[in-house]
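Reviewing the structure listed below.
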Amino acid sequence: MDRIIYTALGGAQRLLEQQSAISNNLANVNTTGFREQLAVQRAVPLQGGALFPTRVANATVTPGTRHEQGVLAETGHALDVAIRGEGWFAVMTPHGEAYTRAGDFSVDANNMLVTKQGYPVLSADGAPIELPDRGAITFSTDGQITALGAGDNPRDIQIMGQLKLVNPDVNQLVRGDDGWYRMADGNIAQPDPTVSVAPGFLEKSNVNPAEAMVAMINNTRSFEMQMKVISDASTREEKANSILSING
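Residue numbering for the sequence shown follows this note's numbering, starting at 315 and increasing by one per position.
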């Protein structure tokens, strides 16, 4: 009887972990550049496998990611930029260089190009990007940034830098608990000149809300089924103990 309960408990735990991933996806349906999180599980041999050669448990590993591109939505905002196809923007977080698909940038009080969270966007040489005060900013499709200062002659347009656009193998990237992607080996990704961007656009989340809701409902039903198995097993065990007590 204990084996039934432990099996159902293991299944319920995996379902709770899967539900967490689904909930996170639904919470980020409107998050720019968000990549759908996948709950990944693997079989794990039981300890003392020589005694139980046909039995395995399952465990959740680092969540995977669905990397298909989201829809590009035109915003017309000068500081919005989306990556076309594969590639990532490089930014500097408190924990080092990281990568994102979110291009909803802004200019902070120090005239630095920053992410929505206030982290510096990096240039191709790995440095923060400083922009002129109240200047008109333009991105080209290759990530070059030009600016025209307030009141300047149009002929005085300046090249301010080049976005650091990278395109490492997605299998080399891991998503941290803070939501930023980093190289799994701790190295820094090198700029890739083949990555192109779409100025005035933002990439939407690639989460399908309808599919996520269906997955959540199915997951809830499966969890309830595991709970019923545990309840029924406990009831049968109590009845068996009661019978044994009477016969004793």
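Every residue gets a Cβ at the ideal spot worked out from N, C-alpha and C, and that includes glycine.
Please read all numbers here as calculations on a predicted model, not as lab measurements.
Task: Where Gly410 sits in the DSSP three-state scheme - done: strand
TODO: For the region 466-505, list the beta strand (DSSP E) runs that are entirely contained and at least 3 residues long, ordered along the chain.
DONE: List check, beta strand (DSSP E) in window: 472-476, 487-489, 495-497.
Open item on the list: Please classify Ala322 as buried or exposed, where buried requires at least 16 other C-beta atoms within 10 Å of its C-beta.
Closed with: buried
Open item on the list: Any contact between the region 510-524 and the region 490-499? By contact I mean 3 or more CB pairs, one from each, below 8 Å.
Closed with: no
TODO: Check each candidate in Trp402, Asn501, His409, Ala450 and name the one with the smallest Cα separation from Tyr433.
DONE: Among Trp402, Asn501, His409, Ala450, the Cα nearest to that of Tyr433 belongs to His409.
Open item on the list: Please return the same chain residues whose Cβ sits closer than 6 Å to the Cβ of Gly384, not counting the five positions on each side in sequence.
Closed with: Glu517, Lys518, Ser519, Asn520
Open item on the list: If distances are taken between C-alpha atoms only, which option among Asn522, Ala416, Asp456, Ala441 comes closest to Met426?
Closed with: The residue among Asn522, Ala416, Asp456, Ala441 with its C-alpha nearest the C-alpha of Met426 is Ala441.
Task: C-alpha gap between Asn501 and Ile544, whole angstroms - done: 47 Å
TODO: For Ala526, I'd like the list of residues in its chain whose CB is within less than 7 Å of its CB, leaving aside the five on either flank, ordered along the chain.
DONE: So the qualifying residues of the chain are Ile336, Asn339, Leu340.
- [ ] Please state whether DSSP places Phe515 in a helix, a strand or coil.
- [x] strand
Task: Residues that DSSP places opposite Arg415 in a beta bridge - done: Note: Arg415 sits in no beta bridge, so no partner.
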